[in-house]
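Read the structure below first, then the notes.
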Ligand code: MTE
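Numbering (this note's numbering), first residue to last: 8 to 371.
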C-alpha cells in the first residue's frame with residue numbers, strides 16, 4: 008500500500024478491491040492510469056430531459072417563476088433595505104449552474120465573523136477537488152470542463168417525499184443567506200469564506216424523512232468525461248460523504264450555491280456543495296447530485312481511502328492528530344506562520360452538545 012501523498016489530503020490509498028490498474032505517481036500519491044470504464048454510474052445525470060418530465064407540474068411551474076423573478080430582480084434598481092441585497096447587474100437569468108452570475112435577494116451576513124476574509128482569488132485558486140486532479144491549482148485549471156447546467160439533485164432513501172429536483176426548484180422556496188465561515192482543511196490550512204446558501208435542514212424537512220433516517224449520505228456527480236480525476240483511482244468514485252441526522256439538521260450546516268455574491272465557480276463545487284464549518288473541509292462535499300436518507304452510518308470516500316486517518320465524524324480537533332501530522336495548528340492562507348486550531352473550528356458553543364458523552368478520540 009502506498010502512503011504519504013504530498014498533494015491534496017496527503018492521502019494514503021488503501022484499496023481492497025480495485026479493477027486492474029496501471030499505477031503511476033503524482034508527487035508521492037499513487038494514482039491509476041485506468042479510466043473507470045465499466046464502472047456503474049450510480050447517479051445518472053440526465054441533461055437532455057425536460058424538467059416537466061422529472062418534476063411534478065407545480066414544481067416545474069415554480070421553477071419557471073423563479074427564473075422570471077430572478078430576471079425581474081436583476082433588472083430592478085439596487086435596493087438598500089435591511090440586510091437584503093439585489094444584484095445591480097443582469098443576473099444572466101439568475102439561474103444556478105451556468106457561468107458565474109450574481110445572486111439576488113440574499114440575507115447579507117446572516118452569520119459573520121470579524122476575521123479577515125480570504126480574497127476571491129485565494130478562495131477560487133487554491134482548492135481541493137480531486138475530481139479535477141490532486142494539485143491545488145488543478146480545480147481552477149481543469150474545472151471548466153464540467154457542465155453544471157442543467158443540474159438535478161436526487162433526494163431519496165428513508166423519506167416520504169423522494170424527488171428529483173432541478174437545482175432551482177431545490178433552492179427557490181428558501182431564503183438565501185450569506186454565511187461567513189472559517190474552513191479548516193484536514194491538511195492544516197484554513198480560509199475565511201463568505202458562502203451563500205440555504206440551511207440543509209430546510210431541504211431535509213421538505214423531504215419528510217422517516218424515523219428510520221438516522222444518517223444522510225451525499226454524493227458528488229460521477230462524470231469521468233468531464234472530471235478527469237475520476238479517470239484515476241485516487242479515490243473510490245463518486246466522492247461520498249455523510250452526516251448524522253442531527254448534524255445535518257444543525258443550523259450551521261448549509262448547502263452553498265455561491266460565494267462573494269455570485270454563484271459558485273466549478274472549482275468550489277458548483278453548482279451546489281455542502282458546508283459544515285466545524286468539521287474538516289473534506290466533509291464539505293462538492294457538486295452534489297444525491298442526498299439519501301439512510302439508517303446505517305455511510306462509509307465515506309476518505310474512510311475507505313485511509314480509515315486510520317479519516318473517520319466518519321472528522322470534527323476539527325486540535326487534540327487528535329492526523330497519523331502523519333499535528334492538528335494543533337493551522338496556516339491561515341496566505342500567512343506564513345501557523346496559528347492555533349480551535350476545537351470544533353471555533354464553533355464549539357453551537358455544536359459541542361451534539362457530541363455529549365462521546366469519546367472524540369475514538370470517534371475521530
Ligand atoms: N468534494 C469533492 N467532491 N471532491 C473533493 O476532492 N475536497 C474536499 C472538500 N470537498 C473535495 C470535496 C476538501 S479536502 C476540502 S478542504 C474542501 O472541499 C475544499 O473546498 P474549497 O476548495 O472550496 O476551499
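Here a beta-carbon is modelled for each residue, glycine too, at the ideal position from N, C-alpha and C.
Option nearest residue i by Cα separation, candidates the options
i, options, result
"residue 213", "168, 292 and 194", "168"
"residue 163", "302, 121, 287 and 243", "302"
"residue 349", "269, 108, 316 and 196", "196"
"residue 355", "175, 325 and 314", "325"
"residue 181", "202, 240 and 208", "208"
"residue 230", "254, 346 and 296", "296"
"residue 252", "219, 239 and 228", "219"
"residue 299", "161, 187 and 312", "161"
"residue 138", "342, 240, 347 and 290", "240"
"residue 249", "198, 317, 191 and 204", "317"
"residue 284", "323, 275 and 276", "323"
"residue 176", "191, 158, 193 and 165", "158"
"residue 216", "187, 353 and 166", "166"
"residue 314", "264, 370 and 353", "370"
"residue 190", "290, 310 and 311", "290"
"residue 227", "238, 281 and 328", "281"
"residue 198", "338, 343 and 210", "338"
"residue 245", "114, 136, 112 and 125", "136"
"residue 144", "286, 275 and 115", "275"
"residue 206", "126, 256, 287 and 357", "256"
Per-residue burial, residue i [other beta carbons within 10 Å of its own, 16 or more giving buried]
i, result
"residue 365", "exposed"
"residue 321", "buried"
"residue 332", "exposed"
"residue 330", "exposed"
"residue 152", "exposed"
"residue 23", "Note that residue 23 has pLDDT 37, beneath the 50 cutoff, so the model's placement of it is unreliable and no number is given."
"residue 363", "exposed"
"residue 224", "buried"
"residue 277", "buried"
"residue 346", "exposed"
"residue 108", "buried"
"residue 343", "exposed"
"residue 106", "exposed"
"residue 121", "exposed"
"residue 113", "buried"
"residue 312", "buried"
Cβ distance (whole Å) where residue i is taken to contact residue j below 8 angstroms
i, j, result
"residue 133", "residue 292", "So it is not a contact: roughly 18 angstroms between Cβ atoms."
"residue 184", "residue 117", "4 angstroms"
"residue 279", "residue 262", "6 angstroms"
"residue 130", "residue 266", "6 angstroms"
"residue 307", "residue 247", "5 angstroms"
"residue 273", "residue 150", "4 angstroms"
"residue 319", "residue 334", "With a Cβ gap of about 17 angstroms, residue 319 and residue 334 do not count as contacting."
"residue 264", "residue 353", "Actually they do not touch by this definition, with Cβ atoms about 24 angstroms apart."
"residue 361", "residue 194", "With a Cβ gap of about 24 angstroms, residue 361 and residue 194 do not count as contacting."
"residue 270", "residue 110", "6 angstroms"
"residue 268", "residue 192", "Their Cβ separation, rounded to whole angstroms, is 24 angstroms, which puts residue 268 and residue 192 out of contact at 8 angstroms."
Residues bridged to residue i [DSSP beta-bridge criterion]
i, result
"residue 250", "223"
"residue 191", "197"
"residue 345", "338"
"residue 205", "262"
"residue 186", "118 and 202"
"residue 163", "299"
"residue 172", "160"
Completely contained alpha helix (DSSP H) runs for the stretch 252-301, where each covers 4 or more residues: 252-255
Secondary structure, alpha helix (DSSP H): runs of 4+ residues fully inside the stretch 113-160: 127-132 and 145-149
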